[in-house]
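Going by the working numbering, the first residue of the sequence shown is number 1, and it counts up by one from there. Shown next, in structure tokens, is the structure this report addresses.
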Amino acid sequence: MNIVSKMKQFLLLLPMVAGMALTQSCTENIDTSARYTFTGYTIISYLESHEAYSEYCALLDTVNISDFSDSKVSQLLSARGQYTCFAPTNEAIQNYLIHLADSGLISEPTWDAPEFKAVDPETGKCELLELVRKTIVHNSLINNGDNIEAYQTGDISEKAIDKAMLSLPNMMNRKLQVTEGNGTKYAVGGANISDTECNIYTINGRIHQVDKVIAPSTQTAGDWFQKNLDDRKQNNARSRNGEEVQEQGFRFYTLSSLIIACGLKDTLNQAEDELYYQKLMKGDLPDLPQHPTFKGNGGPTPRSPGVMPERRYIGFTIFAEDDAWWEKALGLEEGSITGIEPEELVDMVNDFVIANNYHLSSATTDRNYTNANNALHQFVTYHMLPAKIEYGKLVIHFNELWYNLTDMIKKASVFDFYTTMGKRRLLKTYEASQTCDGKRNVIYLNRFPNLSNGRDGDYTELGCDPEKQGIAILTDNVPELYNTYIYRIEDCLYYNDQVAETFGKERIRIDVSTFFKELMTNDIRANENFEYNHQAKGMPQSNKYNYLEDCEISENTNFYYLTGRVSKTATWTNYQGDELNVVGNYEMTMKLPPVPKDGVYELRMGLSANNMRGMCQVYWGTNKDALPAAGIPFDMRMGGKALK
């Protein structure tokens, strides 16, 4: 016993000695003779040592880290951390100034342009100059945090095949799409990454040289659709004068005409509720207390707080038939559709929708297109979702048969159901690794195949009735917009009584996180990153700020969203990984998705039950202020054995 006791004392003594050594090394009286100095580059020192980046370095020295900090980005890039830097060369920056001059924003392609020197009388600042500088710098940098390595081309190659987004946003809070390069292996945000000047290692990140300034569009969808119509008028006038014109955006001239006619422009110009950001910065919305059971990965404490979302962006996803499809459907000559006046074209589409019964029987068929009950308005809004959803998240792969985050084997069919804009209707997204007709990894809308879904089934396709084939989403030529993704579709998308009947015969399985559009638009849902601040988000109580439009969170209620993505080798067993955790003496009310048709429905609630849960009483009804109880209180502490 004495020997064991002494051994314990010895083992315990080692950490104490180490702790003393650490304390001594942090004192001001440092023995410089024994100090080791690392001679490697930081990002900023590397850039400063190469003339090709002198223009970029000058901008890094002038641009602030944020609107709430006077520190410069160059200071950030000299500090510890992990940053991915897509560094534009001097030539790339000069070409960007030429682009600004060609677009009429500045009169000459230099930093001495008079427009850059114009001072805003309200702010006393050269607003345009600051905006352009910030655009160049903040779009070029990604803060990978302390625990995630900076991106290398090996990480980029995984995304390039699928034209996917990098999982972390840049300093402008924009996620950059990765593709194959034009003359190089890879491109990011439309800029080619040099095959030789890439993966440059520094002690605080990686540098990749790019051949152009990364500057994602800041145009909102409503303005983009309006510009398509305005440009069409100007181009028609130029054509009559014999001038050569370049028709950009006219692939969706029909869609643009429909959006404006239905009065949706202002809605599609919404991009952010800035009140939320102001409240957050003022400290009116502090992070939630530490989650009582969730253990964060790499957080400052064993149990991480529910970190409030950084912003509350507003976004949209639109699925659209392009002009070539409409020319065939309306019996027009190829390339002729832009010659039709928008008002005439809208009436032609309206007649087409009514003639083909592409609307609910309850819809009105007059030409009051801004009315939500109008047949054409319902047709158009059925193409629209009130959330900005990147292609890779239209369906979410996580815990289906054969799939895990390490191997990412897509074999079983995966689907989700979203609520559309306008009249609330369901829209199904669906992906199979291989459909029964041989197509691979295509995402469909409203596909209802026969699946191997028996007790021993593997959820692969067995067949699909011709009328239930669905509509494939095409991934090429996606317009780049600030608040909206527009995806081309191969055939006509509509919702009528027959489609509602098909939905009514489906078992509709929806992840509860899909209910809340804000989670997807703000990159909260299914976030791929493993740091604690991405894994656990807190939602403010509704009396402080109603972040989730379709959810009311009462006082004394702590609402956490957890991704379930701890690491590539450690994930949760939930359906799509994520959880909504409601903690405390709670009361929360949420709006459910619409049912497809009148009838009797059975509502089932799936959850993970264990001894860390609590009890709840479920209420159900149509009047949120007078909901009747649905059954007896539900004890979520009962594990699987107790429930059998």
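Backbone N, C-alpha and C fix where the C-beta goes; we use that ideal spot for every residue, glycine too.
Boundaries of the beta strand (DSSP E) in which residue i is found, first to last residue
i: Tyr-382; result: That residue, Tyr-382, is in no beta strand (DSSP E); it is neither H nor E in DSSP.
i: Ile-489; result: 484-489
i: Leu-76; result: Run containing Leu-76: none in the beta strand (DSSP E); it sits in the alpha helix (DSSP H), 73-76.
i: Met-539; result: 536-539
i: Lys-265; result: Taken as a continuous stretch (DSSP letters only), Lys-265 belongs to no beta strand (DSSP E), being part of the alpha helix (DSSP H) at 265-268.
i: Asp-155; result: It is not in any beta strand (DSSP E) - Asp-155 instead sits in the alpha helix (DSSP H) that spans 153-160.
i: Leu-168; result: Leu-168 -> no beta strand (DSSP E), and no H or E assigned at all.
i: Ala-324; result: Premise fails: Ala-324 lies in the alpha helix (DSSP H), 323-329, not in any beta strand (DSSP E).
i: Leu-258; result: Looking at the DSSP string, Leu-258 is not in any beta strand (DSSP E); the run it does join, the alpha helix (DSSP H), is 253-261.
i: Pro-88; result: 82-88
Through-space distance from residue j to residue i, alpha-carbon basis
i: Asp-112; j: Ser-140; result: 23 Å
i: Thr-381; j: Thr-267; result: 12 Å
i: Gly-392; j: Gly-124; result: 43 Å
i: Leu-275; j: Pro-114; result: 34 Å
i: Gly-81; j: Ile-65; result: 15 Å
i: Tyr-592; j: Asn-228; result: With the sequence shown as reference, residue 592 is identified as Leu, and Tyr is not the correct amino acid for it. Each residue's alpha carbon lies about 36 Å from the other.
i: Ile-632; j: Arg-507; result: 25 Å
i: Phe-516; j: Ile-98; result: 43 Å
i: Thr-365; j: Ala-261; result: 15 Å
i: Trp-620; j: Cys-551; result: 14 Å
i: Thr-484; j: Pro-169; result: 16 Å
i: Lys-282; j: Phe-68; result: 11 Å
i: Ile-43; j: Glu-158; result: 25 Å
i: Ile-473; j: Glu-272; result: 27 Å
i: Asp-162; j: Phe-634; result: 43 Å
i: His-291; j: Phe-559; result: 10 Å
i: Asp-476; j: Val-395; result: 18 Å
i: Ile-93; j: Arg-133; result: 10 Å
i: Gln-75; j: Thr-62; result: 10 Å
i: Ile-354; j: Arg-367; result: 11 Å
i: Leu-77; j: Glu-122; result: 32 Å
i: Val-618; j: Glu-400; result: 28 Å
i: Val-499; j: His-359; result: 10 Å
i: Thr-416; j: Ala-52; result: Inspection of the sequence shows that residue 416 is occupied by Asp rather than by Thr. Cα to Cα, the separation comes out at about 48 Å.
i: Ile-340; j: Ile-314; result: 33 Å
i: Met-520; j: Asn-623; result: 27 Å
i: Ala-629; j: Cys-616; result: 11 Å
i: Ala-101; j: Glu-55; result: 18 Å
i: Ile-136; j: Val-188; result: 14 Å
i: Ile-30; j: Asp-70; result: Below a pLDDT of 50, predicted positions are generally treated as unreliable, and Ile-30, at 29, falls in that range; no measurement from the model is reported.
i: Asp-284; j: Gln-278; result: 9 Å
Cβ distance (whole Å) where residue i is taken to contact residue j below 8 Å
i: Val-210; j: Ala-191; result: 4 Å
i: Ser-608; j: Asn-574; result: 6 Å
i: Leu-603; j: Phe-503; result: Leu-603 to Phe-503, Cβ: 16 Å. No contact.
i: Ala-432; j: Glu-461; result: 5 Å
i: Glu-429; j: Leu-445; result: The question names Glu, but residue 429 in the sequence shown is Thr. The Cβ separation is near 6 Å, so the contact holds.
i: Glu-501; j: Ile-471; result: Not quite, the Cβ-Cβ distance comes to about 18 Å (not below 8 Å), so this is no contact.
i: Gln-378; j: Lys-410; result: Their Cβ separation, rounded to whole angstroms, is 34 Å, which puts Gln-378 and Lys-410 out of contact at 8 Å.
Three-way DSSP call (helix, strand, coil) for residue i in this model
i: Leu-128; result: helix
i: Tyr-575; result: coil
i: Gln-177; result: strand
i: Glu-66; result: Note that residue 66 corresponds to Ser in the displayed sequence, not to Glu. In this structure, Ser-66 counts as strand in the three-state DSSP scheme.
i: Cys-551; result: strand
i: Pro-300; result: In this predicted model, Pro-300 has a pLDDT of only 46, less than 50, meaning its place in the structure is not dependable enough to derive any value.
i: Tyr-56; result: helix
i: Gly-19; result: With a pLDDT of only 31 at Gly-19, under 50, the local geometry of the prediction cannot be trusted, and the value read off the model is given with reservation. Correct three-state label for Gly-19: helix.
i: Asn-143; result: strand
i: Val-512; result: helix
i: Gly-457; result: coil
i: Glu-480; result: strand
i: Arg-637; result: coil
i: Val-618; result: coil
i: Ala-626; result: coil
i: Pro-292; result: strand
i: Glu-506; result: coil
Residue i, enclosing alpha helix (DSSP H) - first and last residue
i: Asn-558; result: Taken as a continuous stretch (DSSP letters only), Asn-558 belongs to no alpha helix (DSSP H), being part of the beta strand (DSSP E) at 557-562.
i: Met-348; result: 342-355
i: Asp-211; result: Premise fails: Asp-211 is in no alpha helix (DSSP H) and is neither H nor E.
CB contact check: residue i to chain D, cutoff 8 Å
i: Pro-114; result: Given the protein chain composition of this structure (a single chain), no chain D is represented.
beta-carbon residue i near the ligand FAD non-hydrogen atom, thresh 7 Å
i: Ser-433; result: For the ligand FAD, the structure offers nothing, since it holds no ligand at all.
Pair every Cβ in the segment 539-556 with every Cβ in the segment 430-445, then say whether three or more of these pairs are closer than 8 Å.
no
Cβ contact (3+ pairs, closer than 8 Å) linking the segment 523-541 and the segment 558-565:
yes
Below 8 Å, can you find three or more Cβ-Cβ pairs linking the segment 347-354 to the segment 306-320?
no
Can you find at least 3 beta carbon pairs, one from the segment 491-499 and one from the segment 145-157, that sit closer than 8 Å?
no
Check whether the segment 204-221 touches the segment 328-345, counting contact only when three or more Cβ pairs, one atom from each stretch, lie closer than 8 Å.
no
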